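Report on the structure given below.
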Ligand SMILES: Nc1ncnc2c1ncn2[C@@H]1O[C@H](COP(=O)(O)OP(=O)(O)O)[C@@H](O)[C@H]1O
Ligand SMILES: [Mg+2]
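In this note's numbering, the protein residues as written are 3 to 362.
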C-alpha cells in the first residue's frame, strides 16, 4: 500500500560497533510516527537507512516495494535535516524546485509543483529571497517545502525543530502536524524530546542502544510503559523497587523497600522483585494519619523540597528508606495547595490502579 513502511531484521554497524541491532518495525500509511530516544541510540541511522545513505543487513520495503540496494535519488522519499541544509546560493523557489529538477521534471511541472509546495508552507511572497534573508522558522518551512514538493511516498524529518526557540518551535509543531494531516504523507519524525513526541505523534517508537523498546500511541507509551527505561525516559516517573508478598483478587500485594505494603494491579511478574511506576500527577498528599482506612496506597513521607510553578507545584518528598519521590500538586486551594513546607510530615496516597508494574 502507498506509504506503508516495513522494516525487518535491520542491522547497521559502523566498524565493529552496531548502531542498530536487528530491529523490525511496521508503519501504516499516512501515519505520523516519532522515533524517540536519547542521543546516540540510532535514530539518525534509522532515517539514513530509509533514505538509502547507509549500508545495512535486513530488509526495507516502502509502499510494498523492496528498497534494498536502491540509491537515494531513486527513492520516493523527502528529507529534512536538523540544519535544513538549504543551498545558500539558490533562491527559495530554486531550493524548493531542486528535487524536481534532479528528477528531471519538465520546467512547467517544476514551477507548478514548487508553487504548490510554497503555498502549502505559506512562502508565496518569499520565492525570490535567499536563505540568508529568512528567519529560522522561514528557513525551516523552505526545507519542508523542498521535501514535499516531489510528492514523496515518505517524509523523513531528523530533529527539524531542534534549532528553533521554544515559542517558534511550538508554533512549528502545530503547523507541521496540520500540514501532515492535510497532505497525508507517511512521516517518520526523529526527536530526543519526549514532550514533542507526545504532542505530535500517532505512534511513538522508543529506542535505546540500537534497540526498539516499545511502540505505541502516546497514551500507551505514557500510561503503560513496558520497562524501566521507557517509564523513566517518557515524562517523570517515580520508580519503586518492591517485593511481591501475595495476591488478592486481581491485585498483587507488594512490600516496598521503605517498609509499607501496597496494592498494585496484577501483572506478569517474572521474579520476586518488581518495579512500580507511578506518575507524579497520580500522587496526592494528605495530612499524616495513623489509621489506614480506604483502598488507596498510603506511605508516610516528609516534604523535602517544594518548587512553586504557578498553577501547580512540584513537591519532592522523602520516604522512610530515604528515597525521594515527586508529587505534582495543583495549586487549587486544597490541603496540599496551602503552603506545605520543607520538613513537614505528610502521607502520600494513590489509587492502586494508577501503578504500572514494569519489567526490569
Ligand atoms: N558515521 C559514523 N561512524 C561511526 N559511528 C557512527 C557514525 N554515525 C553514527 N555513529 C554511531 O552510531 C550510534 C548511533 O548514532 P545515531 O544514529 O546518529 O544516533 P542518534 O541520531 O539517535 O543520536 C552512535 O553510537 C554514534 O556514535
Ligand atoms: Mg541524530
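C-beta: ideal position from N, C-alpha, C; glycine also.
These numbers come from a predicted model, not from an experiment.
Starting from the C-beta of residue 104, find all residues in its chain whose C-beta is less than 7 Å away, skip the five residues before and the five after it, and write them out in chain order.
Walking along the chain shown from the start, residue 104 turns up at place 102. So the qualifying residues of the chain are 75.
Just to be sure I understand the criterion: a residue counts if its Cβ is closer than 5 Å to at least one heavy atom of ligand 1. Which residues meet that?
Working through the chain, the matches are 16, 21, 41, 42, 43, 44, 45, 46 and 47.
Any heavy atom of ligand 4 closer than 7 Å to the CB of residue 180?
Summarising the ligand content, the structure contains ligand 1 and ligand 2 and does not contain ligand 4.
Mapping DSSP to helix, strand and coil, what is residue 68?
Here the question's residue 68 lines up with position 66 in the chain shown. Residue 68: strand per DSSP, three-state reduction.
Give the single residue among 185, 101 and 70 whose Cα lies nearest to the Cα of residue 122.
On the chain shown, residue 122 is found 120 positions in, with the first residue counted as 1. Proximity to residue 122 across 185, 101 and 70 peaks at 185, based on C-alpha coordinates.
Please report how far the alpha carbon of residue 267 lies from the alpha carbon of residue 280, in whole angstroms.
Sequence index remark: in the chain shown, residue 267 carries index 265 (1-based). Sequence index remark: in the chain shown, residue 280 carries index 278 (1-based). In a straight line, the C-alpha of residue 267 is about 12 Å away from that of residue 280.
Measuring CB to CB, does residue 275 end up less than 8 Å from residue 322?
Within the chain shown, the letter at position 273 stands for residue 275. Within the chain shown, the letter at position 320 stands for residue 322. Contact: no.
Whole angstroms are fine: how far does the CA of residue 57 sit from the CA of residue 17?
Reading the chain shown from its first residue, position 15 is the one you call residue 17. Reading the chain shown from its first residue, position 55 is the one you call residue 57. Near 12 Å, if we compare the C-alpha coordinates of residue 57 and residue 17.
Would you check if there are 3 or more beta carbon pairs closer than 8 Å linking the stretch 148-162 to the stretch 79-90?
yes
Can you give, in chain order, each stretch of the alpha helix (DSSP H) that sits fully within the stretch 195-283 and has at least 4 residues?
196-202, 220-225 and 230-235
Beta-bridge partners of residue 91, as assigned by DSSP
By one-based count along the chain shown, residue 91 stands at place 89. Answer by DSSP bridge pairing: none, since residue 91 is not bridged.
Please confirm whether residue 202 and residue 179 have their CB atoms less than 8 Å apart.
Your numbering for residue 202 matches position 200 in the chain shown. Your numbering for residue 179 matches position 177 in the chain shown. Their beta carbons are under 8 Å apart, which means residue 202 touches residue 179 by this criterion.
Just checking residue 195 against ligand 2 - is the residue's beta carbon closer than 7 Å to any of the ligand's heavy atoms?
Translated into positions along the chain shown, residue 195 becomes position 193. Checking the Cβ of residue 195 against ligand 2 gives no.
Would you kindly work out how many angstroms separate the C-alpha atoms of residue 94 and residue 142, rounded to a whole number?
Stepping through the chain shown from its first residue, residue 94 is reached at position 92. Stepping through the chain shown from its first residue, residue 142 is reached at position 140. Residue 94 and residue 142 have their C-alpha atoms spaced approximately 11 Å apart.
For residue 16, which residues does DSSP report across the bridge?
Your numbering for residue 16 matches position 14 in the chain shown. Its beta-bridge partners are 19.
Taking only runs that begin and end inside the stretch 122-176, name each unbroken alpha helix (DSSP H) of 4 or more residues, in chain order.
Within the stretch 122-176, the runs of alpha helix (DSSP H) that reach at least 4 residues and sit entirely inside it are, in chain order, 138-151.
Would you tell me roughly how many angstroms separate the C-alpha atoms of residue 327 and residue 301, rounded to the nearest one?
Numbered from its first residue, the chain shown carries residue 327 at position 325. Numbered from its first residue, the chain shown carries residue 301 at position 299. For residue 327 and residue 301, the distance between alpha carbons rounds to 11 Å.
Looking only at its chain, what residues have a beta carbon closer than 8 Å to the beta carbon of residue 345, apart from the 5 residues adjacent to it on each side?
In the chain shown, residue 345 corresponds to position 343, counting from 1. Within the same chain, residue 345 has close Cβ partners 304 and 305.
Would you kindly report the start and end of the unbroken alpha helix (DSSP H) that includes residue 46?
What you label residue 46 is simply residue 44 of the chain shown in a count that begins at 1. Here the alpha helix (DSSP H) through residue 46 covers 45-53.
Contact set for residue 248: own chain, Cβ-Cβ below 7 Å, skip 5 residues either direction
As a working note, residue 248 is residue 246 in the chain shown. 255.
Rounded separation between residue 227 and residue 359 - CA only:
For the purposes of this step, residue 227 is taken as the residue at position 225 of the chain shown. For the purposes of this step, residue 359 is taken as the residue at position 357 of the chain shown. Roughly 9 Å between the two C-alpha positions.
Consider the C-beta atom of residue 160 and the heavy atoms of ligand 2; say whether any pair is separated by less than 7 Å.
The sequence position of residue 160 within the chain shown is 158, counting from 1. Flag set: Cβ of residue 160 near ligand 2.
Could you tell me the alpha carbon to alpha carbon distance between residue 7 and residue 189, rounded to whole angstroms?
One-based indexing of the chain shown puts residue 7 at position 5. One-based indexing of the chain shown puts residue 189 at position 187. Looking at the two C-alpha atoms, the distance is approximately 10 Å.
Within a Cβ cutoff of 7 Å, which residues of the same chain sit near residue 45, ignoring the five residues on either side of it in sequence?
Locating residue 45 in the chain shown gives position 43, counting from the first residue. Cβ neighbours of residue 45 beyond the five flanking positions: 37, 39, 192 and 209.
Cut-off 6 Å between Cβ atoms - residues of its own chain near residue 23, not counting five sequence neighbours on either side
For this step, residue 23 is matched to residue 21 along the chain shown. For residue 23, where only same-chain residues beyond five positions count, the Cβ hits under 6 Å are 212 and 213.
Just list the residues that DSSP pairs residue 347 with in beta bridges.
Mapped onto the chain shown, residue 347 falls at position 345. DSSP lists 304 as partners of residue 347.
Going by Cα to Cα distance, which pick from 4, 32, 43 and 11 is closest to residue 21?
Sequence index remark: in the chain shown, residue 21 carries index 19 (1-based). Measuring from the Cα of residue 21, the nearest candidate turns out to be 43.
State the CB to CB distance for the pair residue 175 and residue 237, rounded to an integer number of angstroms; the pair is presumed to be in contact (CB under 8 Å).
In the chain shown, counting from the first residue as 1, residue 175 sits at position 173. In the chain shown, counting from the first residue as 1, residue 237 sits at position 235. Wrong, their Cβ atoms sit about 17 Å apart, outside the cutoff.
Please state whether DSSP places residue 77 in a helix, a strand or coil.
What you label residue 77 is simply residue 75 of the chain shown in a count that begins at 1. Coil, per DSSP.
Ends of the beta strand (DSSP E) at residue 320?
By one-based count along the chain shown, residue 320 stands at place 318. Unbroken beta strand (DSSP E) run through residue 320: 314-320.
For residue 309, list the residues DSSP reports as bridge partners.
Along the chain shown, one-based indexing puts residue 309 at 307. Beta-bridge pairing links residue 309 to 316.
Please report the straight-line C-alpha distance between residue 257 and residue 265, rounded to a whole angstrom.
In the chain shown, the residue the question calls residue 257 occupies position 255. In the chain shown, the residue the question calls residue 265 occupies position 263. Between residue 257 and residue 265, the C-alpha separation is close to 9 Å.
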